[in-house]
Amino acid sequence: SLLLLWLAIAKKFEPLLLLPIGFGGLLSNIPEAGLALTALESLLAHHDAGQLAVIAAKLHCAPDVHAIKEALALALPSVQSQMENLAVDMGYTPGVLALFYKVAIGSGIAPLVIFMGVGAMTDFGP
1 SLLLLWLAIA
11 KKFEPLLLLP
21 IGFGGLLSNI
31 PEAGLALTAL
41 ESLLAHHDAG
51 QLAVIAAKLH
61 CAPDVHAIKE
71 ALALALPSVQ
81 SQMENLAVDM
91 GYTPGVLALF
101 YKVAIGSGIA
111 PLVIFMGVGA
121 MTDFGP
């Protein structure tokens, strides 16, 4: 991401595209910030034995992180959604980037707005 930022700022190579991509890559890779984690991923990262036991009981698996991740990978989307809601009920919140992904990219509106904005900026620029 630093290379993308350098190309956008110093070399002025496609700054409208590379600057947001580089900045987003930088934000998502900040250690221990949890900006890109969902509520359920945050719960699994905290390793609280009581909360892991509740999730494991719902998924019918062993109460350790690896077993829960495997059970979630095999679970139906409705079960995954229930576990996500359970994590929110336990007090965990999704990170900013995970929330942005769900609202903007998951719904499909962000690519449309981005391409319209970049197109308008290049067509109507100075």
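Position 60 of the sequence shown, counting from 1, maps to 60 under the UniProt record's numbering, and the rest follow consecutively. Don't be surprised by glycine CBs; every beta carbon is placed ideally from N, CA and C.
Taking the C-beta atoms as reference points, L37 is found no nearer than 9 Å to A110. In the DSSP assignment, M116 falls within the unbroken alpha helix (DSSP H) covering 109 to 123. Short of 7 Å from the beta carbon of L40, and not among the five residues preceding or following it, lie these beta carbons of its own chain, in chain order: M83, E84, A87. In this structure, DSSP gives S1 a state outside helix and strand, which the three-state scheme calls coil.
Contact check between the region 19 to 38 and the region 70 to 82: fewer than three CB pairs, one atom from each, fall below 8 Å, which does not count as touching.
V54 has its alpha-carbon roughly 11 Å from the corresponding atom of L43. Put simply, the backbone Cα of D48 is about 50 Å away from that of T122.
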